[in-house]
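Numbering (the numbering used here), first residue to last: -13 to 251.
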(Lines of atoms letter the chains of each structure in order from A and count residues from 1; the text may use other names and numbers.)
(Lines give C-alpha, C1' and ligand atoms only; values in the text may rest on other atoms or scores of the structure.)
Protein backbone atom coordinates (compact mmCIF):
# COMPACT_ATOMS: atom_id res chain seq x y z
CA UNK A 1 0.00 0.00 0.00
CA UNK A 2 1.53 3.29 -1.09
CA UNK A 3 2.07 6.20 1.26
CA UNK A 4 -0.35 8.23 -0.85
CA UNK A 5 -3.11 5.62 -0.47
CA UNK A 6 -2.45 5.26 3.25
CA UNK A 7 -2.70 9.02 3.60
CA UNK A 8 -6.04 9.17 1.78
CA UNK A 9 -7.40 6.33 3.93
CA UNK A 10 -6.30 8.12 7.10
CA UNK A 11 -8.02 11.29 5.95
CA UNK A 12 -11.18 9.36 5.11
CA UNK A 13 -11.18 7.75 8.55
CA UNK A 14 -10.83 11.20 10.11
CA UNK A 15 -13.84 12.34 8.08
CA UNK A 16 -15.85 9.35 9.31
CA UNK A 17 -14.99 10.26 12.91
CA UNK A 18 -15.88 13.91 12.32
CA UNK A 19 -19.31 12.81 11.06
CA UNK A 20 -19.77 10.54 14.07
CA UNK A 21 -19.56 7.39 11.93
CA UNK A 22 -17.48 5.49 14.46
CA UNK A 23 -18.17 1.98 13.16
CA UNK A 24 -17.18 3.02 9.65
CA UNK A 25 -14.00 4.60 10.96
CA UNK A 26 -13.10 1.51 12.99
CA UNK A 27 -13.90 -1.07 10.32
CA UNK A 28 -13.04 0.78 7.12
CA UNK A 29 -9.76 -1.02 6.41
CA UNK A 30 -11.23 -4.47 7.13
CA UNK A 31 -14.14 -3.74 4.79
CA UNK A 32 -11.71 -2.69 2.03
CA UNK A 33 -9.88 -6.00 2.35
CA UNK A 34 -13.19 -7.91 2.37
CA UNK A 35 -14.31 -6.04 -0.76
CA UNK A 36 -11.03 -6.79 -2.53
CA UNK A 37 -11.07 -10.47 -1.54
CA UNK A 38 -14.66 -10.97 -2.69
CA UNK A 39 -14.45 -8.61 -5.66
CA UNK A 40 -17.40 -6.60 -4.37
CA UNK A 41 -19.02 -3.82 -6.35
CA UNK A 42 -18.97 -0.24 -5.09
CA UNK A 43 -22.62 -0.70 -4.07
CA UNK A 44 -21.93 -3.82 -2.03
CA UNK A 45 -18.86 -2.26 -0.41
CA UNK A 46 -20.89 0.77 0.65
CA UNK A 47 -23.62 -1.55 1.94
CA UNK A 48 -21.07 -3.33 4.16
CA UNK A 49 -19.93 -0.05 5.67
CA UNK A 50 -23.45 1.22 6.28
CA UNK A 51 -24.67 -2.07 7.81
CA UNK A 52 -21.81 -1.98 10.34
CA UNK A 53 -22.66 1.61 11.29
CA UNK A 54 -26.38 0.89 11.63
CA UNK A 55 -25.69 -2.18 13.80
CA UNK A 56 -23.48 -0.17 16.15
CA UNK A 57 -25.98 2.71 16.39
CA UNK A 58 -28.79 0.27 17.25
CA UNK A 59 -26.64 -1.32 19.96
CA UNK A 60 -25.74 2.08 21.40
CA UNK A 61 -29.41 3.05 21.37
CA UNK A 62 -30.38 -0.13 23.23
CA UNK A 63 -27.69 0.36 25.86
CA UNK A 64 -28.82 3.96 26.24
CA UNK A 65 -32.43 2.89 26.82
CA UNK A 66 -31.35 0.34 29.43
CA UNK A 67 -29.26 2.96 31.23
CA UNK A 68 -32.11 5.49 31.06
CA UNK A 69 -34.53 2.96 32.57
CA UNK A 70 -32.54 2.72 35.85
CA UNK A 71 -33.55 -0.91 36.43
CA UNK A 72 -30.85 -1.67 38.96
CA UNK A 73 -30.61 -5.45 38.74
CA UNK A 74 -31.90 -6.70 35.39
CA UNK A 75 -34.72 -9.27 35.43
CA UNK A 76 -35.75 -11.38 32.44
CA UNK A 77 -38.94 -13.26 31.69
CA UNK A 78 -37.13 -16.57 31.12
CA UNK A 79 -35.86 -16.56 34.72
CA UNK A 80 -39.34 -16.16 36.23
CA UNK A 81 -40.74 -19.27 37.90
CA UNK A 82 -44.34 -19.43 36.69
CA UNK A 83 -44.82 -22.69 38.64
CA UNK A 84 -44.44 -21.10 42.07
CA UNK A 85 -47.54 -18.86 42.50
CA UNK A 86 -50.70 -20.76 43.37
CA UNK A 87 -52.62 -18.61 40.88
CA UNK A 88 -51.21 -16.53 38.05
CA UNK A 89 -52.71 -15.68 34.62
CA UNK A 90 -49.76 -16.93 32.55
CA UNK A 91 -51.42 -16.47 29.16
CA UNK A 92 -52.27 -12.84 29.86
CA UNK A 93 -48.78 -12.06 31.11
CA UNK A 94 -47.10 -13.66 28.11
CA UNK A 95 -49.48 -11.68 25.92
CA UNK A 96 -47.83 -8.48 27.19
CA UNK A 97 -44.46 -9.56 25.81
CA UNK A 98 -45.26 -8.30 22.31
CA UNK A 99 -45.32 -4.82 23.93
CA UNK A 100 -48.40 -3.80 21.96
CA UNK A 101 -49.97 -2.50 25.17
CA UNK A 102 -47.37 0.30 25.09
CA UNK A 103 -48.40 1.28 21.57
CA UNK A 104 -51.99 1.43 22.81
CA UNK A 105 -50.91 3.42 25.92
CA UNK A 106 -52.43 0.81 28.20
CA UNK A 107 -51.48 -0.07 31.78
CA UNK A 108 -50.68 -3.22 33.73
CA UNK A 109 -51.42 -3.42 37.46
CA UNK A 110 -49.86 -6.36 39.31
CA UNK A 111 -51.49 -7.00 42.68
CA UNK A 112 -50.69 -9.78 45.13
CA UNK A 113 -48.89 -10.69 48.36
CA UNK A 114 -45.20 -9.95 48.82
CA UNK A 115 -42.52 -12.04 47.12
CA UNK A 116 -44.57 -13.55 44.32
CA UNK A 117 -42.60 -11.97 41.49
CA UNK A 118 -44.58 -8.81 40.75
CA UNK A 119 -41.43 -6.70 40.61
CA UNK A 120 -39.64 -9.37 38.58
CA UNK A 121 -42.39 -9.40 35.96
CA UNK A 122 -42.58 -5.60 35.83
CA UNK A 123 -38.82 -5.29 35.33
CA UNK A 124 -38.73 -8.13 32.79
CA UNK A 125 -41.39 -6.49 30.63
CA UNK A 126 -39.60 -3.16 31.01
CA UNK A 127 -36.31 -4.76 29.96
CA UNK A 128 -37.93 -6.14 26.82
CA UNK A 129 -39.22 -2.64 26.08
CA UNK A 130 -35.73 -1.17 26.47
CA UNK A 131 -34.30 -3.87 24.19
CA UNK A 132 -36.89 -2.77 21.64
CA UNK A 133 -35.62 0.82 22.03
CA UNK A 134 -38.80 1.95 23.79
CA UNK A 135 -38.11 4.71 26.34
CA UNK A 136 -38.64 3.20 29.79
CA UNK A 137 -38.20 4.33 33.40
CA UNK A 138 -38.26 2.15 36.50
CA UNK A 139 -38.76 3.54 40.00
CA UNK A 140 -40.01 2.45 43.37
CA UNK A 141 -43.03 4.49 44.44
CA UNK A 142 -41.36 5.89 47.56
CA UNK A 143 -38.21 6.84 45.61
CA UNK A 144 -40.26 8.72 43.03
CA UNK A 145 -42.16 10.60 45.73
CA UNK A 146 -38.95 11.49 47.61
CA UNK A 147 -37.31 12.61 44.36
CA UNK A 148 -40.20 14.93 43.51
CA UNK A 149 -40.43 16.24 47.06
CA UNK A 150 -36.71 17.10 47.11
CA UNK A 151 -36.97 18.80 43.71
CA UNK A 152 -39.38 21.40 45.07
CA UNK A 153 -36.63 22.88 47.22
CA UNK A 154 -34.08 23.25 44.41
CA UNK A 155 -36.40 24.42 41.59
CA UNK A 156 -36.04 21.23 39.54
CA UNK A 157 -39.60 19.98 40.02
CA UNK A 158 -40.62 20.49 36.38
CA UNK A 159 -37.51 18.67 35.17
CA UNK A 160 -38.08 15.76 37.54
CA UNK A 161 -41.74 15.49 36.59
CA UNK A 162 -40.72 15.33 32.93
CA UNK A 163 -38.44 12.40 33.77
CA UNK A 164 -41.51 10.43 34.92
CA UNK A 165 -43.95 11.74 32.33
CA UNK A 166 -41.70 11.53 29.27
CA UNK A 167 -40.94 7.80 28.85
CA UNK A 168 -43.31 5.63 26.83
CA UNK A 169 -43.35 3.16 29.75
CA UNK A 170 -43.17 4.07 33.44
CA UNK A 171 -42.80 1.27 35.99
CA UNK A 172 -43.88 2.21 39.53
CA UNK A 173 -42.86 -0.58 41.87
CA UNK A 174 -43.81 -1.41 45.46
CA UNK A 175 -46.80 0.85 45.92
CA UNK A 176 -47.38 -0.46 49.42
CA UNK A 177 -44.36 -0.85 51.68
CA UNK A 178 -44.02 2.69 52.98
CA UNK A 179 -46.68 5.37 53.52
CA UNK A 180 -46.46 8.19 50.98
CA UNK A 181 -48.22 10.85 53.01
CA UNK A 182 -50.72 13.34 51.58
CA UNK A 183 -48.06 15.20 49.57
CA UNK A 184 -46.72 11.92 48.18
CA UNK A 185 -50.22 10.83 47.26
CA UNK A 186 -50.68 14.11 45.39
CA UNK A 187 -47.45 13.53 43.44
CA UNK A 188 -48.49 10.00 42.52
CA UNK A 189 -51.92 11.15 41.40
CA UNK A 190 -50.37 13.85 39.21
CA UNK A 191 -48.20 11.23 37.50
CA UNK A 192 -51.13 8.88 36.91
CA UNK A 193 -53.41 11.70 35.78
CA UNK A 194 -50.93 13.27 33.34
CA UNK A 195 -49.94 9.91 31.84
CA UNK A 196 -53.58 8.92 31.32
CA UNK A 197 -53.97 8.03 27.62
CA UNK A 198 -50.50 9.54 27.02
CA UNK A 199 -48.16 6.78 28.20
CA UNK A 200 -48.24 3.31 29.74
CA UNK A 201 -47.74 2.49 33.41
CA UNK A 202 -46.81 -0.83 34.99
CA UNK A 203 -47.61 -0.68 38.69
CA UNK A 204 -47.07 -3.26 41.43
CA UNK A 205 -48.74 -3.35 44.83
CA UNK A 206 -49.64 -5.83 47.56
CA UNK A 207 -52.70 -3.74 48.42
CA UNK A 208 -56.06 -4.46 46.74
CA UNK A 209 -57.84 -1.45 45.26
CA UNK A 210 -60.15 -1.21 48.27
CA UNK A 211 -57.16 -0.31 50.47
CA UNK A 212 -55.62 2.31 48.17
CA UNK A 213 -57.22 5.12 50.15
CA UNK A 214 -54.39 4.46 52.65
CA UNK A 215 -51.94 5.53 49.92
CA UNK A 216 -53.63 8.70 48.69
CA UNK A 217 -55.29 9.71 51.98
CA UNK A 218 -58.12 11.08 49.85
CA UNK A 219 -61.06 9.00 48.63
CA UNK A 220 -61.73 11.21 45.61
CA UNK A 221 -58.12 10.98 44.39
CA UNK A 222 -58.08 7.25 45.15
CA UNK A 223 -61.13 6.57 42.99
CA UNK A 224 -59.88 8.86 40.22
CA UNK A 225 -56.45 7.20 40.16
CA UNK A 226 -57.92 3.69 40.03
CA UNK A 227 -60.34 4.74 37.30
CA UNK A 228 -57.53 6.15 35.15
CA UNK A 229 -55.29 3.14 35.60
CA UNK A 230 -58.01 0.58 35.03
CA UNK A 231 -59.83 2.29 32.14
CA UNK A 232 -57.09 1.35 29.67
CA UNK A 233 -55.45 -1.28 31.80
CA UNK A 234 -55.26 -4.91 32.80
CA UNK A 235 -55.43 -6.01 36.44
CA UNK A 236 -53.20 -9.04 37.08
CA UNK A 237 -53.87 -10.71 40.44
CA UNK A 238 -51.23 -13.16 41.66
CA UNK A 239 -51.88 -15.47 44.61
CA UNK A 240 -49.69 -17.80 46.61
CA UNK A 241 -47.03 -18.00 49.30
CA UNK A 242 -43.81 -16.00 49.44
CA UNK A 243 -41.16 -17.21 47.01
CA UNK A 244 -38.41 -16.00 49.35
CA UNK A 245 -39.60 -18.51 51.97
CA UNK A 246 -39.43 -21.37 49.45
CA UNK A 247 -35.88 -22.44 50.27
CA UNK A 248 -36.38 -21.77 53.96
CA UNK A 249 -39.30 -24.20 54.00
CA UNK A 250 -37.20 -26.78 52.17
CA UNK A 251 -34.47 -26.40 54.78
CA UNK A 252 -36.97 -26.77 57.61
CA UNK A 253 -38.36 -29.97 56.05
CA UNK A 254 -34.86 -31.42 55.67
CA UNK A 255 -33.97 -30.45 59.22
CA UNK A 256 -37.14 -32.17 60.49
CA UNK A 257 -36.26 -35.32 58.56
CA UNK A 258 -32.73 -35.34 60.00
CA UNK A 259 -33.86 -34.94 63.60
CA UNK A 260 -33.28 -37.83 65.95
CA UNK A 261 -36.57 -39.65 66.59
CA UNK A 262 -37.84 -38.97 70.09
CA UNK A 263 -38.25 -41.82 72.52
CA UNK A 264 -42.00 -42.12 73.07
CA UNK A 265 -41.68 -44.67 75.89
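By construction, the Cβ of each residue, glycine as well, lies at the ideal position given by its N, Cα and C atoms.
- Less than 9 angstroms separates the beta-carbon of residue 123 from that of residue 156.
- Unbroken alpha helix (DSSP H) stretches of 4 residues or longer found wholly inside the segment 37 to 91: 76 to 81 and 86 to 89, given in chain order.
- With a beta-carbon spacing of about 6 angstroms, residue 169 and residue 135 fall inside the 8 angstroms limit used to define contacts.
- Rounded to whole angstroms, residue 59 and residue 78 show a C-alpha spacing of 25 angstroms.
- If you look at residue 14, you'll find it in the alpha helix (DSSP H) that goes 8 to 24.
- In chain order, 96, 98, 190 and 224 place their CB closer than 7 angstroms to the CB of residue 104, counting only its own chain and leaving out the 5 sequence neighbours on each side.
- Runs of the beta strand (DSSP E) lying entirely within the segment 101 to 174, each at least 3 residues long, are 122 to 126 and 155 to 159 in chain order.
- Under the three-state reduction of DSSP, residue 93 is assigned to strand.
- The continuous beta strand (DSSP E) containing residue 220 extends over residues 219 to 223.
- In this structure residue 106 is buried. Its beta-carbon is surrounded by 16 or more other beta-carbon atoms within 10 angstroms.
- With contacts defined as CB atoms closer than 9 angstroms, residue 117 and residue 48 qualify as a contacting pair.
- Measuring C-alpha to C-alpha distances from residue 194 to each of 185, 183, 187 and 208 identifies 208 as the nearest.
- Rounded to whole angstroms, the Cβ separation of residue 139 and residue 146 is 12 angstroms, and the two are not in contact under 8 angstroms.
- About 7 angstroms separates the CB atoms of residue 38 and residue 10; that is less than 8 angstroms, so the two are in contact.
- When DSSP reads this structure, residue 189 sits in a beta bridge with 95 and 158.
- For residue 92 against residue 186, the beta-carbon gap comes to about 6 angstroms, under 8 angstroms, which counts as contact.
- The Cβ atoms of residue 44 and residue 119 sit closer than 9 angstroms to each other.
- Counting along the chain, residue 199 sits inside the alpha helix (DSSP H) bounded by residues 199 to 202.
- In this structure, DSSP gives residue 184 a state outside helix and strand, which the three-state scheme calls coil.
- One thing to note: residue 26 has its Cβ no nearer than 9 angstroms to the Cβ of residue 14.
- Around the beta carbon of residue 171, 16 or more other beta carbons lie within 10 angstroms, which makes this residue buried.
- Spatial neighbours of residue 73 in its own chain (CB-CB distance under 8 angstroms, excluding positions within 5 residues in sequence) are listed in chain order as 223, 224, 225 and 226.
- When secondary structure is reduced to three states using DSSP, residue 35 falls in the helix class.
- For the options 112, 162 and 175, the alpha carbon positioned closest to that of residue 153 is the one of 112.
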